[in-house]
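Enquirer: In the working numbering, the protein residues as written are 325 to 681. Glycine included, C-beta positions come from ideal geometry on N, C-alpha and C. These numbers come from a predicted model, not from an experiment. Can you keep this structure in mind? I'll have questions shortly.
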Ligand SMILES: *Cc1c(COP(=O)(O)O)cnc(C)c1O
């Protein structure tokens with residue numbers, strides 16, 4: 325039976341990424357050696373990093389004055405690297421979920437942190453609005469897509485101070501005006517590559533403004549100066565990321581991707597609204613994530629949750645169980661998720677309703 329991969333992360337990748345990486349694990353670039361066995365300083369691998377960096381800049385139209393780096397440690401290490409490198413006195417954070425909260429907590433180790441707004445009062449089911457970004461903070465940190473709760477900030481905020489964004493789970497899902505951001509980072513395992521590589525897009529002139537000493541490996545400048553080659557980078561995930569970036573370009577880039585993502589998400593949200601057995605967890609349509617669609621059993625049907633999980637599994641739906649802090653279901657529709665898989669999930673929901681209502 326065909327499996328439909330709705331996992332939230334690590335998650336579905338383009339088939340060509342999986343195929344090309346599998347091949348390279350046996351023979352990389354005609355070297356007769358596995359991608360796992362070659363020097364990261366071989367000219368064949370340097371070409372991979374160079375092309376991945378260039379495609380990153382091209383696909384996101386990254387202006388001059390920004391650097392793209394690939395490092396280890398996950399988005400979680402960025403929660404620490406951001407304040408280490410940028411927080412001199414005070415920073416502002418938007419608390420929109422578990423990851424945003426972890427970033428905020430880490431920043432407190434380095435200085436004063438102002439939480440501008442939080443949606444915790446309603447289990448993070450909305451994006452706070454109407455807050456004012458103070459002019460006297462070193463930066464303002466947001467999480468554009470809240471993977472666990474299924475909310476997303478799908479526009480580029482105008483910030484009077486440097487804007488820092490965790491885009492782990494929605495990078496490359498839509499065009500972004502990079503010039504509005506000072507730093508964007510994310511783990512690759514949601515929309516780009518297998519786990520192990522983290523990307524950062526850094527506006528060069530925001531660095532060098534804090535007084536503290538920064539350990540070499542935690543200093544953005546180290547990785548920028550050495551073009552992600554200060555130490556051994558995650559070779560296999562970077563190779564895989566390159567395959568995804570090439571695929572993205574072939575698909576027509578991020579503008580085309582956004583159109584497809586809107587179609588996919590609308591298909592599923594419309595069914596959740598229509599189907600009497602389910603309801604969405606995010607009331608405001610403009611706050612709903614295109615990447616992680618969260619829904620629960622409707623009132624009166626709560627007892628069917630396990631049954632729908634089992635029914636989905638029987639029909640090849642993988643990874644639709646919701647995160648424990650929300651419950652219900654979460655279908656992640658990352659770039660690589662085919663429209664047909666969303667149609668298949670919708671058909672399963674309709675059949676479940678016919679059988680059980
Ligand atoms: C998954 C995720 C993280 C954590 O990433 P790691 O690479 O596991 O550290 C952080 N932020 C967001 C928005 C995520 O989705």
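How should residue 515 be labelled, buried or exposed, when 16 other C-beta atoms within 10 angstroms of its C-beta is the threshold for buried?
Expert: Buried is the call here.
Enquirer: Which residues does DSSP pair with residue 654 in a beta bridge?
Expert: Paired residue(s): 618.
Enquirer: If I'm right that residue 623 touches residue 673 with Cβ under 8 Å, what's the distance once you round it to whole angstroms?
Expert: Not a contact, Cβ separation roughly 17 Å.
Enquirer: Three-state secondary structure (DSSP) at residue 438?
Expert: Residue 438 falls in the strand class under three-state DSSP.
Enquirer: Just how far apart, CA to CA, sit residue 585 and residue 657?
Expert: C-alpha separation (whole angstroms): 8 Å.
Enquirer: Which whole-angstrom value is the C-beta distance of residue 395 and residue 547, which I expect to be below 8 Å?
Expert: Confirmed, about 6 Å.
Enquirer: Rounded to whole angstroms, what is the Cα-Cα separation between residue 376 and residue 625?
Expert: Approximately 48 Å, taken between the alpha carbons.
Enquirer: Can you list, in chain order, the residues of its chain whose CB lies under 8 Å from that of residue 528, leaving out five sequence neighbours each side?
Expert: Closer than 8 Å at Cβ, skipping near neighbours: 389, 390, 391, 548.
Enquirer: Would you please state the rounded distance, in angstroms, between the beta carbons of residue 613 and residue 469? I believe it to be under 8 Å.
Expert: Their Cβ separation, rounded to whole angstroms, is 6 Å, which keeps residue 613 and residue 469 in contact under 8 Å.
Enquirer: Under the rule that 16 or more other beta-carbon atoms within 10 Å means buried, what is residue 498, buried or exposed?
Expert: So residue 498 counts as buried.
Enquirer: Run through DSSP, which three-state label would residue 350 get?
Expert: Residue 350 falls in the helix class under three-state DSSP.
Enquirer: Are three or more beta carbon pairs between the region 366-384 and the region 555-571 nearer than 8 Å?
Expert: The region 366-384 is in contact with the region 555-571.
Enquirer: Taking only heavy atoms of ligand 3 into account, decide whether any of them is closer than 7 Å to the Cβ of residue 571.
Expert: With respect to ligand 3, the structure offers nothing, as its ligand set consists of ligand 1.
Enquirer: Roughly how many angstroms separate the alpha carbons of residue 399 and residue 634, rounded to a whole number?
Expert: The alpha-carbon atoms of residue 399 and residue 634 are separated by roughly 32 Å.
Enquirer: Considering only the alpha carbon of each residue, which of 454, 433, 436, 434 lies closest to residue 442?
Expert: Among 454, 433, 436, 434, the Cα nearest to that of residue 442 belongs to 454.
Enquirer: Look up residue 525 in the DSSP assignment and say whether it is helix, strand or coil.
Expert: Residue state, collapsed to three classes: strand.
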